[in-house]
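To convert, count from 1 in the sequence shown and add 32; that's my numbering.
Even glycine gets a Cβ: it sits at the ideal position worked out from N, Cα and C.
Have a look at the structure below, then the notes.
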Amino acid sequence: MTYSLFKKIFKGNIFRVEDLYLLESFQISYLPGYLPEREFASILWAYPPVKTFLEKKCPEIASFIDHVMAEHGPAKDRQQLAEYSDTVVWTIADLLVYNKCPREYDKQEFNKWDFTEVTSITPLDGKVVIDTGAGTGRVTLEAALTAKYVYSIEPVTRLRQYIREKAKEKGLTNVFVLEGFQHSIPLPDKFADVLITSHALGWQLEEELREFERVTRTGAFIIHCPGTAEESRNDELKHQRLVSGDWHYEFSRYMEADGWKRKYWKQVK
Numbered sequence: 033m034t035y036s037l038f039k040k041i042f043k044g045n046i047f048r049v050e051d052l053y054l055l056e057s058f059q060i061s062y063l064p065g066y067l068p069e070r071e072f073a074s075i076l077w078a079y080p081p082v083k084t085f086l087e088k089k090c091p092e093i094a095s096f097i098d099h100v101m102a103e104h105g106p107a108k109d110r111q112q113l114a115e116y117s118d119t120v121v122w123t124i125a126d127l128l129v130y131n132k133c134p135r136e137y138d139k140q141e142f143n144k145w146d147f148t149e150v151t152s153i154t155p156l157d158g159k160v161v162i163d164t165g166a167g168t169g170r171v172t173l174e175a176a177l178t179a180k181y182v183y184s185i186e187p188v189t190r191l192r193q194y195i196r197e198k199a200k201e202k203g204l205t206n207v208f209v210l211e212g213f214q215h216s217i218p219l220p221d222k223f224a225d226v227l228i229t230s231h232a233l234g235w236q237l238e239e240e241l242r243e244f245e246r247v248t249r250t251g252a253f254i255i256h257c258p259g260t261a262e263e264s265r266n267d268e269l270k271h272q273r274l275v276s277g278d279w280h281y282e283f284s285r286y287m288e289a290d291g292w293k294r295k296y297w298k299q300v301k
């Protein structure tokens with residue numbers, strides 16, 4: 033997604049430089065190559081406490097910060113600083129929205145796909161389910177209506193809190209929210225009957241796929257609804273890996289608000 037698209041999707045929300053203090057260490061590690069360097073440098077020069085926070089929260093970013101400040105000086109005036117700051121915070125609005133206003137992300141149309149896309153592959157009744165990269169918990173909360181237990185794995189603190197709040201509102205006592213990543217799930221081997229991802233697959237694809245197989249039992253189902261367009265060139269390599277002889281995923285298409293998407297599934301042997 034792009035700066036202008038985020039402004040459209042999250043219209044009515046305001047992101048400011050001080051929202052950078054909401055970022056978690058793993059999110060900060062994404063900034064090199066993600067942010068426009070000239071604009072980012074202007075923030076670092078103008079707001080030394082932001083620079084200090086980023087370096088202390090994620091020490092590995094220090095060399096990148098040194099580089100951009102060596103290459104680019106301060107903004108020439110307040111107007112330019114304001115413009116550059118706006119560019120930076122909206123470039124990473126997809127990160128900031130999780131930490132600042134998860135309810136805004138939760139209500140987006142792309143989260144409203146038909147959950148029978150999962151249950152048509154395997155029923156969840158009485159099963160142990162893992163939802164990884166759980167986000168605002170849409171899959172977790174749907175699965176918990178019939179599953180025995182749902183383990184919701186999410187690295188962002190504010191999102192974990194949001195899922196717990198929603199589960200409590202709905203009276204769901206079979207939801208367990210845990211800190212973790214898709215490539216590092218804090219559960220034992222052969223733990224679950226079903227593992228589901230939604231709009232979260234591929235940050236570290238190979239490591240994730242291996243981890244999914246580790247935590248699922250023989251005969252379990254692994255299901256991915258990644259939200260990628262049916263003919264997306266950007267995701268073609270991911271598609272080829274999933275359906276390859278290494279991983280043996282089946283696939284078909286399903287409808288989301290903005291068009292046809294691919295979904296993938298396999299039964300663990």
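So is residue i buried or exposed if we call it buried at 16+ other beta carbons inside 10 Å?
i      : result
Leu67  : buried
Tyr53  : exposed
Arg170 : buried
Gly212 : buried
Leu37  : exposed
Gly259 : buried
Arg294 : buried
Gly165 : buried
Glu240 : buried
Ser184 : buried
Glu92  : exposed
Ala94  : exposed
Thr250 : exposed
Gln59  : buried
Gly277 : exposed
Would residue i and residue j qualify as a contact pair, given that the criterion is a beta-carbon distance under 9 Å?
i      : j      : result
Val160 : Lys180 : yes
Asn45  : Glu103 : no
Met101 : Leu76  : yes
His256 : Tyr194 : no
Thr229 : Asp163 : yes
Ser74  : Ala107 : yes
Cys90  : Ser57  : yes
His215 : Glu186 : no
Trp145 : Tyr281 : no
Asn131 : Leu55  : yes
Ala176 : Lys202 : yes
Glu71  : Val120 : yes
Could you compute how far the alpha carbon of residue i sits from the alpha carbon of residue j?
i      : j      : result
Val150 : Phe253 : 10 Å
Lys270 : Thr178 : 31 Å
Leu191 : Thr248 : 24 Å
Thr148 : Arg246 : 26 Å
Trp122 : Glu197 : 27 Å
Asp290 : Phe142 : 7 Å
Val129 : Ala232 : 15 Å
Leu227 : Thr205 : 19 Å
Glu263 : Thr189 : 34 Å
Gly65  : Asp221 : 35 Å
Trp292 : Gln272 : 18 Å
Leu219 : Ala114 : 45 Å
Pro134 : Val49  : 18 Å
Gln299 : Asp225 : 10 Å
Phe47  : Glu268 : 33 Å
Gly158 : Arg110 : 59 Å
What three-state label does DSSP hand residue i in the structure shown?
i      : result
Ser176 : What sits at residue 176 in the sequence shown is Ala, not Ser. Three-state DSSP puts Ala176 in coil, outside helix and strand.
Asp267 : helix
Leu37  : helix
Ala73  : helix
Tyr130 : helix
Ile195 : helix
Ile153 : coil
Ser57  : helix
Asp98  : helix
Val82  : helix
Thr205 : coil
Asp163 : strand
Leu210 : strand
Looking at the secondary structure, which residues open and close the alpha helix (DSSP H) in which residue i lies?
i      : result
Ile296 : The question names Ile, but residue 296 is Tyr in the sequence shown. Careful: Tyr296 lies outside any alpha helix (DSSP H), inside the beta strand (DSSP E) at Gly291 to Gln299.
Val121 : Arg110 to Thr123
Determine the extent of the beta strand (DSSP E) in which residue i is found, giving its start and end residues.
i      : result
Glu248 : According to the sequence provided, residue 248 is Thr. The question's Glu does not apply to it. Note, Thr248: beta strand (DSSP E), Thr248 to Cys257.
Asp138 : That residue, Asp138, is in no beta strand (DSSP E); its alpha helix (DSSP H) goes Pro134 to Asp138.
Ser284 : Glu282 to Glu288
Tyr183 : Tyr181 to Ile185
Ile228 : Ala224 to Ser230
Beta-carbon of residue i versus every beta-carbon of chain B: anything under 9 Å?
i      : result
Ala166 : The structure shown contains no chain B; it is built from a single protein chain.
What do you reckon, is the C-beta of residue i under 8 Å from a heavy atom of the ligand ATP?
i      : result
Leu274 : Judged by which ligands are present, the structure shown has none, so any question about the ligand ATP falls away.
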